[in-house]
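Just so we're on the same page, my numbering is the position in the sequence shown counted from 1, plus 384.
The C-beta atom is built at its ideal place from N, Cα and C for all residues, glycine as well.
Keep in mind the model is a prediction, meaning the values are calculated, not measured.
Contents: one structure, followed by commentary.
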Amino acid sequence: MLVKEIFSSIQGESSYSGIPCFFIRTSGCNLRCRWCDTVYAYEGGKEYSVDDLETYVRESAFPLVSLTGGEPLLQEDSISFLTRIASMRDKIVLLETNGSISLKDVDERVIKVVDVKCPSSGEAKSFLNENLSYLGKKDELKFVIADREDYEWATNFIEKNKASNLCKILYSPIIDKMDMSKLVQWILDDKLNVRFQIQLHKIIWKKGKRGV
C-alpha cells in the first residue's frame, strides 16, 4: 500500500472526535476538492506491505485506528487490510472515504465515515449512490458546509435518500468560510436530526500542519 504518513493524534472529526487515534494516511486521491486540507497526500508516499501495516496497528497504544487519505480505497490492498485489522478484538477501525468508490467489499465491522461532497467543494457529483445501501447504524455521512447553498443541498440529499434512517449524519462548517453559529441556527430552525461537529485539528494546529 502507498502510504503518505503514519502518526498518532486525536481524531479531529466524526463521532469519535477528540479521542486519541492511530492514523494511516494513504497517498493518492481521485478528487480535487476546493477545501482539501491534505493536498500533500495527492502524490508521493512510501510502499508498505499489509503485514508491516498490520504490525504497526497491533503495536499502537490506542484502540482507535483510522485509515484515511487521500482516498484509501484507491489502494489495491485496502480491503484486505481493513478486514485484517477489523479482526483485532481490541481495535475500533474507521475508514475515512470520499464516497466515490464502492463500499461493497468493506468489512462490516469497519466504521465507514463517508464525506459527501457539497457544491462548494467542486465535486458534488462524485458520490456513488449505491454506497447508501452499504451503510449501517454505526456508519456516518459527513457534509462539509461552506454556505447556505451547501446546507440546503446536504439537507435535500438527506431527505431524498432518507439518510437519517440509515446512519449517523454530521454537518461540519468550514471554519474560515462561514459563521459557525449560523449553521447551528439553521439546524435548530429546521429541527434536523444531525450532529454539528467542528474539525478540531483545524482549531488546535496551524493551517498546513501535517501528522495531526
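Given that a residue counts as buried once 16 or more other Cβ atoms are within 10 Å of its Cβ, and exposed if not, what is residue i?
i: Q569; result: exposed
i: T439; result: exposed
i: K388; result: buried
i: K538; result: It is Ala, not Lys, that sits at residue 538 in the sequence shown. Answer is buried; the Cβ neighbour count reaches 16.
i: V480; result: Correcting the residue type first, residue 480 is Glu in the shown sequence and not Val. Buried: at least 16 other Cβ atoms inside 10 Å.
i: A445; result: exposed
i: K430; result: exposed
i: V464; result: The sequence as given places Ser at residue 464; Val does not occur at that position. Counting Cβ neighbours within 10 Å, S464 comes out exposed, since fewer than 16 surround it.
Name the DSSP bridge partner or partners of residue i?
i: R409; result: E389 and T452
i: I553; result: L525
i: R579; result: L554
i: E431; result: L386
i: I394; result: P404
For residue i and residue j, I'd like the C-alpha separation in whole angstroms.
i: G428; j: K488; result: 28 Å
i: L466; j: R493; result: 9 Å
i: I394; j: H585; result: 8 Å
i: I558; j: L519; result: 25 Å
i: L415; j: P447; result: 30 Å
i: S565; j: K575; result: 15 Å
i: N545; j: G453; result: 26 Å
i: M385; j: S450; result: 15 Å
i: Y426; j: Q459; result: 13 Å
i: K522; j: V578; result: 14 Å
i: S484; j: D573; result: 31 Å
i: D563; j: S556; result: 12 Å
i: I408; j: I390; result: 5 Å
i: K526; j: V441; result: 25 Å
i: F406; j: I476; result: 10 Å
i: E536; j: N549; result: 19 Å
In chain order, which alpha helix (DSSP H) runs of at least 4 residues are fully inside the segment 511-546? Within the segment 511-546, the complete alpha helix (DSSP H) runs of at least 4 residues are 532-545.
Could you check whether the segment 419-429 touches the segment 391-407, counting it as contact only if at least three pairs of C-beta atoms, one from each stretch, sit closer than 8 Å? no
Counting Cβ pairs closer than 8 Å, one from the segment 508-516 and one from the segment 526-533, do we hit at least three? No, they do not touch.
Start-end ranges of the alpha helix (DSSP H) lying completely within the segment 445-504, minimum 4 residues: 462-470
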